[in-house]
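Numbering (the working numbering), first residue to last: 704 to 1100. Beta carbons are placed, not taken as given, at the ideal position from N, Cα and C, and that holds for glycine.
Dropping the structure here:
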């Protein structure tokens, strides 16, 4: 008779990475078999090809018009003819454009500044794509001098107005808790208005851009990613502060979150300014610069409101101002050189998510000792939104 050990031997366990990779490998195998072996009707296409061509950018140079187009459909597209004001003209840069591919069509044409033109692209299947030019104007050359001008405009729009608004900090420190709560509520109203404004701008840009890349969904994607990243960063900073036993840091941390949210919004403002100047709309660009400069002064107040009861060095205040204002410079460069509706939609979404996260962080500080908002808080919310609306009228004037 054999003596047993009295102990069961556990079977060997598979590595965790293998357990996770096995379903993915089976899915890949199934897809490969489906594509290789085929199925009834798989790959068969009946009828005319589906051609969807979108015009992403129009550049005007002396004696020529350049159109950047992108294929949004599932089938390749080939532009065969181009007409300008009902007359056909030769062009270069044609050829087959694959799915999601882009091409730049250059049309020699003696356009006249200020005139309106209707450009039609005729594809190989007979479909037409319209590109309207409301008022022809030469596109500025994107050279170091022009980028320097955009940087200067970004400083005027973002850095200087925000820094001026931050000069209200000494006044805030002499204010009582009641007024501080009102100013925090003013900040929330201001940010809420900026968030709605960014959402409307983002949806408009996304709707005019290539829908095959996501369209308006890119705005939502950017907002969700930005919100979660900032929430994760905030949780990490809180954890480090608890481990270090630090006190008094939340004021600067909250001000930094406000600066990040405003900075991402100013990034979108810079994009609008840069794209307006690139499109030749110099009058519109000038109005945007003046309007945004006045508009953004109140944002400096929003940044320093959480610091009313904190002591912060000049270096940290400078950092807050740069975080909030400097993105306008980057935005002006993007709008002037690499404007892309899909990219801009994501950037607007990032600003929306950041603003939403900041509002969530500020809101607990506006409550009174009873835990409920009072009349001062509601007044601050309304005043913040009204101030941003009133200064925003200067932009569209």
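- For the pair residue 875 and residue 1008, the CB atoms are nearer than the 8 angstroms cut-off.
- Apart from the 5 residues on each side of it in sequence, residue 829 has no Cβ closer than 6 angstroms to any other Cβ in its chain.
- Apart from sequence neighbours up to five positions away, the residues of its chain that approach residue 1079 with a beta-carbon distance below 8 angstroms are 881, 882, 884, 885, 888, ordered along the chain.
- With 16 or more other Cβ atoms from the protein chains shown falling within 10 Å of its own Cβ, residue 1058 counts as buried.
- Cβ atoms of residue 859 and residue 996 come within 8 angstroms of each other, at about 6 angstroms.
- Rounded to whole angstroms, the separation of the alpha carbons of residue 915 and residue 1040 is 23 angstroms.
- Take residue 971, set aside five residues on each side of it, and the residues of its chain with a beta-carbon closer than 8 angstroms to its own are 901, 904, 905, 1034, 1047, 1050, 1051, 1054, in chain order.
- Per DSSP, residue 1048 is one residue of the alpha helix (DSSP H) stretching across 1044-1065.
- With contacts defined by Cβ atoms closer than 8 angstroms, residue 1024 and residue 869 form a contacting pair.
- In its chain, beyond the 5 residues on either side, 781, 783 have a beta carbon closer than 6 angstroms to the beta carbon of residue 827.
- At a Cβ-Cβ threshold of 8 angstroms, residue 922 and residue 1028 do not count as neighbours.
- Assignment of residue 844 by DSSP, reduced to helix, strand and coil, places it in the coil class.
- A distance of 8 angstroms or more separates the beta carbons of residue 899 and residue 832.
- A straight-line Cα-Cα distance of about 29 angstroms links residue 724 and residue 929.
- Under the three-state reduction of DSSP output, residue 788 falls in the coil class, being neither helix nor strand.
- The alpha carbon of residue 1064 has as its nearest neighbour, out of 937, 1001, 801, 775, the alpha carbon of 937.
- A direct Cα-Cα distance of roughly 20 angstroms separates residue 779 from residue 918.
- A direct Cα-Cα distance of roughly 13 angstroms separates residue 975 from residue 1030.
- By alpha-carbon distance to residue 771, the top candidate from 805, 793, 907, 1062 is 805.
- Residue ranges of uninterrupted alpha helix (DSSP H) with 4 or more members, entirely inside the stretch 888-953 and ordered along the chain, are 920-947.
- About 6 angstroms separates the beta carbons of residue 911 and residue 1044, which is inside the 8 angstroms limit, making them a contact pair.
- For residue 774, the beta-bridge partners assigned by DSSP are 756.
- Residue 1002 counts as buried, since no fewer than 16 other beta carbons sit within 10 angstroms of its beta carbon.
- Its Cα nearest to that of residue 760, the residue 913 stands out among 913, 785, 789.
- Its chain contains 788, 833, 835 as the residues whose beta carbon lies nearer than 7 angstroms to that of residue 821, once the 5 sequence neighbours on both sides are disregarded; these appear in chain order.
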